[in-house]
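*Asks:*
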Amino acid sequence: MSIPAIELHAVEKRYATTHALKGVSFRVEQGEFFGLLGPNGAGKSTLINIMGGLAQASSGKVEVMGHDVVRDYRNSRKRIGIVPQELVYDPFFTVWEMLTIQSGYFGLGRENHAWLEELLDTLNLTEKRDENLQRLSGGMKRRVLIAQALVHRPPVVVLDEPTAGVDVELRRALWSFAHRLHKEGHTILLTTHYLEEAESMCDRIAVLNQGALVALNDQQELIAQYPHQIGVVDQILDGELPQLLSSAIISRSRNRTQIRMPRVLDADHPLLQQLSAVGIQLDQLQLRDPTLEEVFLDLTRSAVEEEKR
Amino acid sequence: MIGFGCWTLFKKEVWRFLKVFVQTVLAPAVSTLLYLLVFGVVFEEAVVVYEGHSYSSFLIPGLVMMTLAQNAFANSSSSILQSKMNGNIVFMLLAPLSSLEVYIAFLGAAILRGLITGGSVLLIASLLVDVEIYSVGLILLFALLASGVLGALGIIAGIWSEKYDHLSAFQNFIILPLTFLSGVFFSIQGLSPFWQQVSAWNPVFYLIDGFRYGFLGVSDVPYLQSVWVALLFLVMLTGISVAILRSGYKLRG
Ligand SMILES: Nc1ncnc2c1ncn2[C@@H]1O[C@H](COP(=O)(O)OP(=O)(O)OP(=O)(O)O)[C@@H](O)[C@H]1O
Ligand SMILES: [Mg+2]
Numbered sequence: 004m005s006i007p008a009i010e011l012h013a014v015e016k017r018y019a020t021t022h023a024l025k026g027v028s029f030r031v032e033q034g035e036f037f038g039l040l041g042p043n044g045a046g047k048s049t050l051i052n053i054m055g056g057l058a059q060a061s062s063g064k065v066e067v068m069g070h071d072v073v074r075d076y077r078n079s080r081k082r083i084g085i086v087p088q089e090l091v092y093d094p095f096f097t098v099w100e101m102l103t104i105q106s107g108y109f110g111l112g113r114e115n116h117a118w119l120e121e122l123l124d125t126l127n128l129t130e131k132r133d134e135n136l137q138r139l140s141g142g143m144k145r146r147v148l149i150a151q152a153l154v155h156r157p158p159v160v161v162l163d164e165p166t167a168g169v170d171v172e173l174r175r176a177l178w179s180f181a182h183r184l185h186k187e188g189h190t191i192l193l194t195t196h197y198l199e200e201a202e203s204m205c206d207r208i209a210v211l212n213q214g215a216l217v218a219l220n221d222q223q224e225l226i227a228q229y230p231h232q233i234g235v236v237d238q239i240l241d242g243e244l245p246q247l248l249s250s251a252i253i254s255r256s257r258n259r260t261q262i263r264m265p266r267v268l269d270a271d272h273p274l275l276q277q278l279s280a281v282g283i284q285l286d287q288l289q290l291r292d293p294t295l296e297e298v299f300l301d302l303t304r305s306a307v308e309e310e311k312r
Numbered sequence: 015m016i017g018f019g020c021w022t023l024f025k026k027e028v029w030r031f032l033k034v035f036v037q038t039v040l041a042p043a044v045s046t047l048l049y050l051l052v053f054g055v056v057f058e059e060a061v062v063v064y065e066g067h068s069y070s071s072f073l074i075p076g077l078v079m080m081t082l083a084q085n086a087f088a089n090s091s092s093s094i095l096q097s098k099m100n101g102n103i104v105f106m107l108l109a110p111l112s113s114l115e116v117y118i119a120f121l122g123a124a125i126l127r128g129l130i131t132g133g134s135v136l137l138i139a140s141l142l143v144d145v146e147i148y149s150v151g152l153i154l155l156f157a158l159l160a161s162g163v164l165g166a167l168g169i170i171a172g173i174w175s176e177k178y179d180h181l182s183a184f185q186n187f188i189i190l191p192l193t194f195l196s197g198v199f200f201s202i203q204g205l206s207p208f209w210q211q212v213s214a215w216n217p218v219f220y221l222i223d224g225f226r227y228g229f230l231g232v233s234d235v236p237y238l239q240s241v242w243v244a245l246l247f248l249v250m251l252t253g254i255s256v257a258i259l260r261s262g263y264k265l266r267g
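Chains as they are written, first to last, in this note's numbering: chain H, 4 to 312; chain D, 15 to 267.
See below:
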């Protein structure tokens, strides 16, 4: 078997007051387009920071292309390009200056300039080449961040919410760019809060919640493994409802109600009984698979509820 | 292994202060010259520190050293603090640079800034008054040592600080007293025995005393002693800086 692009083994991270990562293990294979999902504060950025050496794990082990990110940091950092979530930039420099500086940090000189020009071109930055970073719009700064992460042609590319606060057009451009990188053989790890994005791009998805891995699979299986399906009825259910039924309702809109139901339903299941008590029979329900978003919301919600209990 | 990455970081740091040349080189040079004009003129006739040397000959090396030291310190400390506050320090942290390389790059840039600023003061001063030169080699040696010591202190201060308040506290409560109580404006031999003892522990005193020896050929302590003290400090601060960088303290969360 080939070396994994990223391998995490029991990674823990404790801050003074938060336990940000509670022993996370998984691997991302070379050539994958991998999605890392999770609600705000789940620990996604912390995990990414540890991969790039921006943060130190409290315990556990992380390897990038087989190189330990602490002991063999030179080799691991040469193989990973991280686009940070925050729109950071150095106000002293222009786009071109910043790229040559970043490329120089990786030991690359003039011989790399052709590649930097190509990056500018691909990311539509050529016009802004000599503009000071301070004067670029947010979207432009985001592109520069991407270019900076790629100056050393890393085999592993990590995008931490690259589409946050980005307009529709740029979002499309970024996706096609990510696709292209993937086709060219780069391993991509992506975090996003747009589930459709993950749905349309990622092979496998890991869901992180409160510092723990709550799911890891390819999408179809993630959905297939999920023990619920969605029942849709063309009717508004309101008023006093039995407890089980009311907690199973996931949405009401105009004249339609969606209900989370077990995949395996016995005729005498209490939920069906409660439904029939309000006048709805099983054959009035359209049953469908949940979307990734519904699975995601449920995975991360139930963990929150468990925490409360 | 010191590589091209280190060289790039050094160049970037130099580039940074040259881009704001007026603020980083010109302004400090002008304010030092004001000291020279005011103190030099007022005390020129009245004060003789070393027999046979005018007060401004005594003052100039001290002022040059003060400018050089403060600017070397300011360069590394404010560059590090600024990139931490802007968040752009991640670009350097993501790169395959060793702690030693980061240290050398920041130190090198701080030294260069110190030399350029101190040099400008000296150059302009020499147009205004006669500057005595005893040994160019010793002047350069002490200039290097001083900007090295203060540049290294700046690296530590920049990493430790979280906002400008912290940095100015460091500057006002450590750097400034060390500089002013080191014999910029006077010889410590005029001090009471107690303060002479205190000055003996002040590294900046040795830097100024040795530096002045390079100009006048006279000093309070033998210049070789000053070389050793300065070297000792530089080695110590280098050890501390590299250890801090290696630990990731306040940089790699
Ligand atoms: N430097 C830090 N010091 C203390 N706590 C931190 C630090 N960085 C992150 N945390 C905490 O660690 C937890 C995980 O944060 P992290 O930024 O990794 O979440 P995330 O999944 O990336 O969230 P988001 O989707 O909002 O970007 C949060 O509770 C956060 O407050
Ligand atoms: Mg994040």
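Backbone N, C-alpha and C define an ideal beta-carbon position, used for all residues, glycine too.
List, in order along the chain, the chain D residues whose C-beta lies closer than 7 Å to that of Ile-104 (chain H)?
*Replies:* Near Ile-104 (chain H) (Cβ distances below 7 Å), the residues of chain D are Thr-22 and Lys-26.
*Asks:* With a cut-off of 8 Å, does the C-beta of Arg-156 (chain H) fall near any C-beta of chain D?
*Replies:* No - not a single Cβ of chain D is within 8 Å of the one on Arg-156 (chain H).
*Asks:* Within 10 Å of its beta-carbon, does Met-314 (chain H) have 16 or more other beta-carbons around it, so buried, or fewer, so exposed?
*Replies:* The structure shown does not extend to residue 314 (chain H), since chain H spans only 4 to 312, so no value can be given for it.
*Asks:* Counting contacts by CB-CB distance shorter than 8 Å, is Gly-172 (chain D) in contact with chain H?
*Replies:* No, no contact with chain H.
*Asks:* So, with DSSP's three-state summary, where would you put Lys-25 (chain H)?
*Replies:* Lys-25 (chain H): strand per DSSP, three-state reduction.
*Asks:* Is any heavy atom in ligand 2 found nearer than 7 Å to the beta carbon of Lys-16 (chain H)?
*Replies:* Answer for Lys-16 (chain H): no, Cβ out of range of ligand 2.
*Asks:* May I have the straight-line CA-CA distance separating Ser-240 (chain D) from Leu-259 (chain D), to the nearest angstrom?
*Replies:* So the alpha carbons of these two residues sit roughly 28 Å apart.
*Asks:* Just the chain D side, please: which residues come within less than 7 Å of Asp-269 (chain H) by C-beta, in chain order?
*Replies:* Ordered by position in chain D, no residue passes the 7 Å Cβ test against Asp-269 (chain H), which lies about 52 Å from the chain.
*Asks:* Let me check you understand the geometry: is the CB of Glu-200 (chain H) closer than 7 Å to at least one non-hydrogen atom of ligand 2?
*Replies:* Glu-200 (chain H) Cβ: outside cutoff for every heavy atom of ligand 2.
*Asks:* Mapping DSSP to helix, strand and coil, what is Val-217 (chain H)?
*Replies:* Correct three-state label for Val-217 (chain H): strand.
*Asks:* What are the residues in the region 39-56 of chain H lying within 8 Å of chain D by C-beta distance?
*Replies:* Here the close residues are Asn-52, Gly-55 and Gly-56.
*Asks:* Work out the CA separation of Ile-233 (chain H) and Ser-255 (chain D) for me, nearest whole Å.
*Replies:* Rounded to the nearest angstrom, the two C-alpha atoms are 60 Å apart.
*Asks:* Buried or exposed for Pro-230 (chain H), going by 16 or more other Cβ atoms inside 10 Å?
*Replies:* Exposed, by the Cβ-count rule.
*Asks:* Applying a beta-carbon distance threshold of less than 8 Å, which residues of chain H neighbour Lys-264 (chain D)?
*Replies:* None at all; the shortest Cβ gap to chain H is about 12 Å.
*Asks:* Evaluate the contact criterion for the region 30-45 of chain H versus the region 186-206 of chain H: three or more CB pairs, one atom per stretch, below 8 Å.
*Replies:* The region 30-45 of chain H is in contact with the region 186-206 of chain H.
*Asks:* Tell me the residue span of the alpha helix (DSSP H) that contains Ile-85 (chain H).
*Replies:* Here Ile-85 (chain H) belongs to no alpha helix (DSSP H); instead the beta strand (DSSP E) covers 83-86.
*Asks:* Can you list, in chain order, the residues of its chain with a C-beta nearer than 7 Å to that of Arg-312 (chain H)? Leave out the 5 residues immediately preceding and following it.
*Replies:* Here Arg-312 (chain H) scores only 48 on pLDDT, less than 50, and its place in the model should not be relied on; the value that follows carries that caveat. Same-chain partners within the cutoff: there are none.
*Asks:* Alpha carbon to alpha carbon, what distance is there between Gln-210 (chain D) and Leu-196 (chain D)?
*Replies:* According to the sequence shown, residue 196 (chain D) is Ser rather than Leu. Answer to the nearest angstrom: the Cα atoms are 10 Å apart.
*Asks:* For a cutoff of 8 Å on Cβ pairs, would you count Phe-105 (chain D) as touching chain H?
*Replies:* Yes, Phe-105 (chain D) lies at the interface with chain H (some Cβ there is under 8 Å from its Cβ).
*Asks:* Does the separation of the CB atoms of Ile-169 (chain D) and Met-79 (chain D) fall below 8 Å?
*Replies:* Cβ atoms of Ile-169 (chain D) and Met-79 (chain D): not closer than 8 Å.
*Asks:* Which residues in chain H sit within 7 Å of Phe-18 (chain D), going by Cβ to Cβ distance?
*Replies:* Neighbours of Phe-18 (chain D) on chain H, chain order: Gly-107, Gly-110 and Gly-112.
*Asks:* When you compare only the Cα positions, how much space is there between Ala-227 (chain H) and Val-298 (chain H)?
*Replies:* Cα to Cα, Ala-227 (chain H) sits roughly 10 Å from Val-298 (chain H).
*Asks:* Could you list which residues in chain H have their beta carbon closer than 8 Å to that of Lys-177 (chain D), in chain order?
*Replies:* In chain order: nothing, as chain H lies at least about 17 Å away.
*Asks:* Determine the DSSP secondary structure at Arg-175 (chain H), reduced to helix, strand or coil.
*Replies:* Looking at Arg-175 (chain H) - three-state DSSP - the assignment turns out to be helix.
*Asks:* Which class does Asp-237 (chain H) belong to by DSSP, given the choice of helix, strand or coil?
*Replies:* Looking at Asp-237 (chain H) - three-state DSSP - the assignment turns out to be coil, as it is neither helix nor strand.
*Asks:* Please go through the same chain and pick out, in chain order, the residues whose beta-carbon is closer than 6 Å to the beta-carbon of Thr-46 (chain D), but skip the five residues on each side of it.
*Replies:* Closer than 6 Å at the Cβ level, and outside the excluded window around Thr-46 (chain D), lie Leu-77, Thr-81 and Val-135.
*Asks:* Output, in chain order, the set of chain D residues within a Cβ distance shorter than 8 Å of Lys-81 (chain H).
*Replies:* Pro-110, listed in chain order.
*Asks:* Does any C-beta atom of chain H lie closer than 8 Å to the C-beta of Asn-89 (chain D)?
*Replies:* No, because no Cβ of chain H sits closer than 8 Å to the Cβ of Asn-89 (chain D).
*Asks:* Nearer than 7 Å: is that true of the beta carbon of Gly-44 (chain H) relative to any heavy atom of ligand 1?
*Replies:* Gly-44 (chain H) Cβ: within cutoff of ligand 1.
*Asks:* Measure the C-alpha to C-alpha separation of Arg-82 (chain H) and Leu-246 (chain D) and round it to an integer number of angstroms.
*Replies:* Cα-Cα distance, rounded: 40 Å.
*Asks:* Would you say Gly-101 (chain D) faces chain H, with C-beta separation under 8 Å as the test?
*Replies:* Yes, Gly-101 (chain D) lies at the interface with chain H (some Cβ there is under 8 Å from its Cβ).
*Asks:* Quick check on the burial criterion: 16 or more other C-beta atoms within 10 angstroms. Buried or exposed for Ile-16 (chain D)?
*Replies:* So Ile-16 (chain D) counts as exposed.
*Asks:* In whole angstroms, give me the CA-to-CA distance for Leu-152 (chain D) and Gly-122 (chain D).
*Replies:* Each residue's alpha carbon lies about 19 Å from the other.
*Asks:* Using a Cβ-Cβ distance under 8 Å, would Phe-95 (chain H) count as near chain D?
*Replies:* It does: the Cβ of Phe-95 (chain H) has a partner Cβ on chain D nearer than 8 Å.
*Asks:* Just by C-beta distance, which residues in the region 222-247 of chain H are closer than 8 Å to chain D?
*Replies:* From the region 222-247 of chain H, no residue has a Cβ closer than 8 Å to chain D.
*Asks:* Mapping DSSP to helix, strand and coil, what is Arg-132 (chain H)?
*Replies:* Arg-132 (chain H) falls in the coil class under three-state DSSP.
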